[in-house]
Each structure stands twice: as C-alpha cells, then as structure tokens.
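>
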Amino acid sequence: MSVNTQNQLLIAPAPLVDIGVNLTNSRFSHQLDEVLTRAQQAQVKTLIVTGTSVEESEAAQVLCEKYPGQLYFTAGVHPHDSSQFQKSTYQTLFNLAQDKSCVAIGETGLDFNRNFSTPEQQVNAFERQIELAVELKKPMFLHERDAFSKQSEILRYYRDNIVDAVIHCFTGDQKALFGYLDLDCYIGITGWVCDERRGLELQQLVKNIPTARLMLETDAPYLLPRNMQPKPKSRSNEPAYLPWVLKQMSQCLNQDELSLAQQTSDNAQRFFRLP
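Residue numbers (my numbering): 550 to 824.
The structure is reproduced here in structure tokens:
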C-alpha cells in the first residue's frame with residue numbers, strides 16, 4: 550500500500566467496500582463531504598451506511614440520495630432498540646427497503662450483554678426482521694453479542710429461506726465463528742482485529758474464515774484501528790481508515806494486500822447485490 554503524503558492516508562491497493570459505517574452519527578454531521586472525500590482518496594470507494602432504528606434508517610436513505618453510487622444503506626432496528634419495534638415498524642422498514650439504495654435488512658440480531666431491550670423484545674424484533682428479509686429476498690446485516698446460542702438457534706430455523714447473512718463486527722469465540730460459518734454466514738471484520746490488547750484471539754481466529762466469506766468494515770466512528778501510524782488526533786474512526794484493517798488482516802492471513810482487497814470487495818459486491 551502507498552501513503553498519501555498530503556494527509557497521511559494509507560491508500561488501499563484496490564477499491565474497497567466498507568460494509569458497515571455509521572454515517573448518520575452526529576460526529577460526521579459537519580464534515581461529511583470531507584470524510585467521503587478522504588474515503589475516496591484512500592480507495593474506499595463504496596460505503597454501506599448502517600440503519601440501527603427507523604429514524605437512523607430514514608436518515609441513511611437521505612444520505613444515499615445525496616451521494617448516489619457511493620453510498621448504500623441497510624434498514625433495520627438494532628437489538629438495543631427492539632423495545633421500539635411496533636406493529637407499524639414492519640411496514641415502515643418494508644417501504645424503506647423498496648429504495649434501490651437499500652441493500653440489506655438490519656442491523657438486527659441479539660445483544661444479551663447490556664439488554665437495553667429485554668431478550669423477549671429482541672427475539673420478537675429479530676424474527677420480524679428475518680421475516681421481512683425473507684419476504685423481500687434481501688440479505689441480512691446481523692449484530693450479536695453474548696447471544697450466540699439463541700441467535701444461531703433462530704437463524705438455523707429460518708436459514709433455508711434467508712438469501713444471505715453477514716455477522717457484522719465479529720468479535721466472538723471459536724465456537725461462534727464455526728457455528729456461523731456452518732450456517733453459511735459471511736463474517737465482517739473491523740478494527741477490533743488491529744487491537745494488540747483485545748484483538749489477539751480474533752487475530753488467530755480469522756485464519757479460519759474462508760476468504761470467500763470475509764468482508765471488511767470500519768463501524769466508524771467506533772473501533773479506530775490501533776495499528777494506525779500516526780494515530781489521528783480526533784481518535785474518531787472513519788471509512789478512510791479501512792486500509793489499516795486490510796493491512797492487519799493481510800498480516801494475519803499471510804496473504805498479499807492486493808488479492809485480499811480484491812477478494813473482500815468482490816464478496817461485498819456479490820453479497821449486497823451492488824451494481
């Protein structure tokens with residue numbers, strides 16, 4: 550990879566797809582044009598904006614209208630917000646998913662770590678969104694934390710009817726990884742793998758992911774890659790930093806960065822049915 554000396558960006562050797570970025574976050578509201586320009590300069594050419602609630606999904610849709618061809622979005626309700634999933638939510642998400650820029654249903658799944666919504670509310674919202682994805686034949690963008698047993702049980706029940714699913718921001722253990730791969734899920738890897746403290750187990754586990762099932766993401770503005778040199782003063786992550794995740798994964802897999810960039814972007818294009 551090369552470095553853009555003007556702003557010290559690491560330039561990917563081939564166009565990348567950032568499959569999960571929270572561009573509706575307030576940290577981006579006053580600098581979105583600059584953030585997207587830096588992403589383009591770093592060869593992060595396509596961004597999937599994550600919808601985490603009805604309001605955030607609607608905001609993501611508006612962004613995609615402003616930046617067609619560069620931005621796409623997911624429509625869904627995060628497990629933290631499952632208590633807000635009403636009878637009308639299904640129809641609202643259905644309508645959002647008709648937009649040609651909507652490429653997946655989610656972020657949905659289960660999070661039993663904090664339980665901001667009860668497990669029962671989470672399961673209800675998750676199953677309803679699976680039913681939506683099945684009805685629309687859309688891939689699913691999935692979250693899971695401390696809930697592998699229940700989430701895999703639900704996915705196994707519906708799996709034959711789900712067109713595709715990705716476990717976004719995977720940070721689980723070997724049992725979870727092998728379980729999701731057995732369900733033919735794709736795996737999304739973030740800057741967590743760049744963390745020399747918390748990411749050591751993941752650095753070993755990623756060697757078990759078939760490259761045909763691997764995709765890369767920043768989850769910006771969260772999870773700033775800790776292998777960045779120099780580290781940005783803001784300590785806020787952005788899509789332009791995805792090449793640092795690619796760099797770390799290249800080292801973990803002992804695979805050259807060009808072929809890994811091409812493979813993960815091909816996977817994302819196929820998974821999200823991108824033009």
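Beta carbons: idealized from backbone N, C-alpha and C, even for Gly.
By the three-class DSSP mapping on this structure, what secondary structure does His579 have?
Translated into positions along the sequence shown, residue 579 becomes position 30. Coil.
> Hey, is Ser632's beta-carbon within less than 8 Å of any beta-carbon in chain C?
In the structure shown, chain C does not exist; there is a single protein chain.
> For Ser551, which of helix, strand or coil comes out of DSSP?
Position 2 of the sequence shown, counting from 1, holds the residue named residue 551. Here Ser551 sits in strand by DSSP.
> Can you name, in chain order, every residue of its own chain whose Cβ lies under 7 Å from the Cβ of Ala608, other than the five neighbours on each side?
Indexing the sequence shown from 1 puts residue 608 at position 59. Counting only Cβ-Cβ distances below 7 Å, and skipping sequence neighbours, we find Thr573.
> Express the C-alpha separation of Pro774 and Ala563 in angstroms, rounding to a whole number.
Indexing the sequence shown from 1 puts residue 563 at position 14. Indexing the sequence shown from 1 puts residue 774 at position 225. About 19 Å.
> Round the Cβ separation of Gly658 and Gln592 to the nearest angstrom and send it over; I've been treating them as touching at under 8 Å.
The residue you call residue 658 lines up with position 109 of the sequence shown. The residue you call residue 592 lines up with position 43 of the sequence shown. That pair is no contact at about 30 Å.
> Are at least three pairs of beta-carbons, each pair with one atom in the stretch 735-749 and one in the stretch 692-707, less than 8 Å apart?
The stretch 735-749, when compared against the stretch 692-707, does not touch it at the 8 Å Cβ threshold.
> To which residues does DSSP link Arg694 through a beta bridge?
Here the question's residue 694 lines up with position 145 in the sequence shown. Asp660.
> Just to confirm, is the Cβ distance from Gly621 to Ile654 under 8 Å?
In the sequence shown, counting from the first residue as 1, residue 621 sits at position 72. In the sequence shown, counting from the first residue as 1, residue 654 sits at position 105. A small correction: the amino acid at residue 621 is Tyr; Gly does not occupy that position in the sequence shown. Against a cut-off of 8 Å, the Cβ pair of Ile654 and Tyr621 comes out as no contact.
> Can you tell me where the beta strand (DSSP E) with Thr595 in it begins and where it stops?
Looking up residue 595 in the sequence shown gives position 46. First-last of the beta strand (DSSP E) with Thr595: Val593 to Val598.
> In three-state DSSP terms, what is Val603?
Indexing the sequence shown from 1 puts residue 603 at position 54. In the structure shown, Val603 sits in a helix (DSSP, three-state: H, G or I).
> Run through DSSP, which three-state label would Thr813 get?
To locate residue 813, count along the sequence shown from 1; it is residue 264. Residue state, collapsed to three classes: helix.
> For a test of the three-state rule: what should DSSP assign to Leu572, helix, strand or coil?
Locating residue 572 in the sequence shown gives position 23, counting from the first residue. Reduced to three states, the DSSP call for Leu572 is coil.
> Quick check on the DSSP output: the beta strand (DSSP E) that includes Ala714 runs from which residue to which?
Locating residue 714 in the sequence shown gives position 165, where the first residue counts as 1. Residues Ala714 to Ile716.
> On the three-state DSSP scale, how would you describe Thr623?
Counting from 1 along the sequence shown, the entry for residue 623 is found at position 74. Thr623 falls in the strand class under three-state DSSP.
> Apart from the five residues on each side of it in sequence, which residues of its chain come closer than 7 Å, Cβ to Cβ, to Leu585?
Along the sequence shown, read from residue 1 onward, the residue named residue 585 stands at position 36. The residues are Tyr616 and Gln619.
> Please state the DSSP three-state secondary structure of Gln818.
Here residue 818 refers to the residue found at position 269 of the sequence shown. In this structure, Gln818 counts as helix in the three-state DSSP scheme.
> How is Pro564 classed by DSSP in three states: helix, strand or coil?
Mapped onto the sequence shown, residue 564 falls at position 15. Pro564 falls in the coil class under three-state DSSP.
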